[in-house]
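Number of protein chains: 2
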Amino acid sequence: MDSKQADLAGVARLIGEPARAAMLDALLSGRALAAGELGRVGGVSPATASEHLARLRDGGLVEVVAAGRHRYYRLAGPEVAHALEALALVSPRRPVRSLRQSRVAAALAIARTCYDHLAGQLGVALHDALVDRDALAAGGDGYRLTEAGAQLMAGLGVDVAAAAAARRAFARPCLDFTERRPHLAGALGAALCARLLADGWLVRVAADQRGLRITPRGRRALATYFGVRLPDPRASTAGAPDG
Amino acid sequence: MDSKQADLAGVARLIGEPARAAMLDALLSGRALAAGELGRVGGVSPATASEHLARLRDGGLVEVVAAGRHRYYRLAGPEVAHALEALALVSPRRPVRSLRQSRVAAALAIARTCYDHLAGQLGVALHDALVDRDALAAGGDGYRLTEAGAQLMAGLGVDVAAAAAARRAFARPCLDFTERRPHLAGALGAALCARLLADGWLVRVAADQRGLRITPRGRRALATYFGVRLPDPRASTAGAPDG
DNA sequence: CGGATCCTTCGGCGCCGGCCGAAGCATGGC
DNA sequence: GCCATGCTTCGGCCGGCGCCGAAGGATCCG
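Protein chains in written order, with this note's numbering: chain A, 58 to 300; chain B, 58 to 300.
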């Protein structure tokens, strides 16, 4: 335990600027984006974008990786994504302006990435299915995989050993900011998401970096492996969030 | 699912101001504090404090309850506390300045409240003990109480039925920002914390609203009921956080 | 009812920081 | 080598907001 104290205001100040918040939101897709593209996302000039990104970098919120004459930025880690989601959870909603925005929001509600794992109705449904089937059990820093869970993951081709060896937490619930119920995060959640994308069960929607579309094949597979059928017609009013 | 989008920047901007951040930090004790006291905490005049509190109120981060000529402010809910803790988790640490600050920080690291439940080494140890003893199991929006867990809580005099009936989540892990491992949050966590305070196992430390001291009686009881012995001499380097 | 306490609103000051254009520095293509 | 592209740094403008003192309203006390 180092005897220091956190600088709450500093980090919040970094996020609390519309252009930077838009950039961070875009980076919640888990992908690394070029500085210029992030500037466009934030609606500012390249010069301003560069300043913002430098600040975010100094604040430890993003990392940069140089590639040719492009510089790609990504979130500095899962805990940054977690903080952003937690903030979104308490943010007042403001009305959408266009039909297009409404369509995008509806699509995001069904399936999207939360940093590098699955969120939205799909993410929550998968989480619940894994818990209900006793594939996940309480233990360690969140969840541990049961014998049944290990077999299920092996059947899907998820590299559980690699996930267990990662320096980050293995499996952890992450409160979904649209569903207000947990979905699966951590190394296992990321590995599962990657696998489902690689297998063509899910594809990224070009319109929004975070959006996912479930392919027909994925729909069948989700029903077979997890008993999950989406979109779920049940009412969206679920349990209240909690800290 | 309402088709709206969250205003990430707005909320972060509210938190990202030193005086307001200090106020919110003080409110993380879970108590309601008067406007004047919060002004002193933030190091600003009553006038400025009032402005800040009005903004926080409009932003939905705090609630106010009038009592005589005092107006007491408290966090608007558990999800606000959760967002603050998540932010603290990614905040860079800055060196403490005085010996006094160092002592306070060390005390906070051992036992403190996180909004209305237990955090610090004590909170994490209790969480781990409950999971290890199969008092808590994965289920619902986080944890459910097993039969053994229900008996344990009953023995302590914790009103589990009331906690289960609360509108908030029943039991949920909350990532501790000093330990970087989960402690127990949710209605059950709050009920447990309240019970331990009421029974005199823990007392609040006047120097810092969030700080807790374990009484000699509490120390014995914690060992008896949970097998928990603090301060724990094991190294503080634990698993990395995750979103 | 008059004074004390607590809080809020108002007016005005000052500064931080977000913005851009222009210039500087890399990299890549030809 | 020369130019185009992508990004960053620099200088300067300007608006927002954080700050306070003073004034006003509410509550409690004697």
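All C-beta atoms, glycine included, are put in the ideal place defined by N, C-alpha and C.
In the DSSP assignment, Leu287/A falls outside any alpha helix (DSSP H) and carries neither an H nor an E. Inclusion of Ala78/B and Pro75/A in the CB contact set at 8 Å is not warranted, their separation being larger than that value. Between Tyr200/B and chain A, the shortest Cβ-Cβ separation is below 8 Å.
Under DSSP, Tyr282/A takes part in no beta bridge, so it has no partner.
Restricting attention to beta strand (DSSP E) runs no shorter than 3 residues, the stretch 107 to 193 of chain B encloses them at 119 to 124, 127 to 132, 150 to 152, 169 to 171 and 174 to 176, ordered along the chain. Under the Cβ criterion (8 Å, minimum of three pairs), the stretch 130 to 147 of chain A counts as touching the stretch 88 to 98 of chain A. Residue pairing of Cys250/A in beta bridges, as defined by DSSP: absent, with no partner found. With a threshold of 8 Å between beta carbons, Ser148/B makes contact with chain A. Distance check between Gln208/B and each of Leu179/B, Gly196/B and Arg190/B places Arg190/B closest, using alpha-carbon atoms only.
Judged by DSSP in its simplified three-state form, Val101/B adopts coil rather than helix or strand. In this structure, the straight-line span from the alpha carbon of Arg274/B to that of Ala176/B is close to 19 Å.
Per DSSP, reduced to three states, the secondary structure at Val215/B is coil, with no helix or strand assignment. Taking a Cβ-Cβ threshold of 9 Å, the residues of chain A close to Gly196/B are Val188, Asp189 and Ala195, in chain order. Residue state for Gly196/A is assigned as strand, using DSSP reduced to three classes. In the DSSP assignment, Leu269/B falls within the unbroken beta strand (DSSP E) covering Leu269 to Ile271. At least 8 Å separates the beta-carbon of Trp258/B from that of Thr281/B. Not flagged as an interface residue toward chain B: Val101/A, since no C-beta distance is shorter than 8 Å. Residues of the stretch 105 to 123 of chain A with a C-beta atom less than 8 Å from some C-beta of chain B are Gly116, Gly117 and Leu118, listed in chain order. Along the stretch 213 to 227 of chain A, the positions whose C-beta sits under 7 Å from a C-beta of chain B are Arg224, Arg225 and Ala226, read in chain order. C-alpha of Ala83/B to C-alpha of Gly73/B: approximately 15 Å in a straight line.
Counting only Cβ-Cβ distances below 8 Å, Val98/B has no contacts in chain A at all, with the closest Cβ about 13 Å away. Residue-level contact check: Glu136/B touches chain A, since one or more beta carbons of chain A fall below 8 Å from its beta carbon. Listed along the chain, the chain A residues whose CB falls inside 8 Å of the CB of Leu65/B are Ile72, Ala78, Leu81, Asp82, Leu141, Leu144, Ala145 and Ser148. Chain B has no Cβ within less than 8 Å of the Cβ of Pro273/A.
The residue among Leu81/B, Val98/B, Ser102/B and Glu142/B with its C-alpha nearest the C-alpha of Phe234/B is Glu142/B. With a threshold of 8 Å between beta carbons, Ala69/A makes contact with chain B. In this structure, Val285/A keeps its C-beta atom at 8 Å or more from the C-beta atom of Ala248/A. Checking the DSSP bridge columns, you'll see Arg261/B partnered with Leu269/B.
Residues of the same chain with a CB within less than 6 Å of the CB of Ala166/A, apart from the 5 flanking positions on each side, are Gly177 and Thr235 in chain order.
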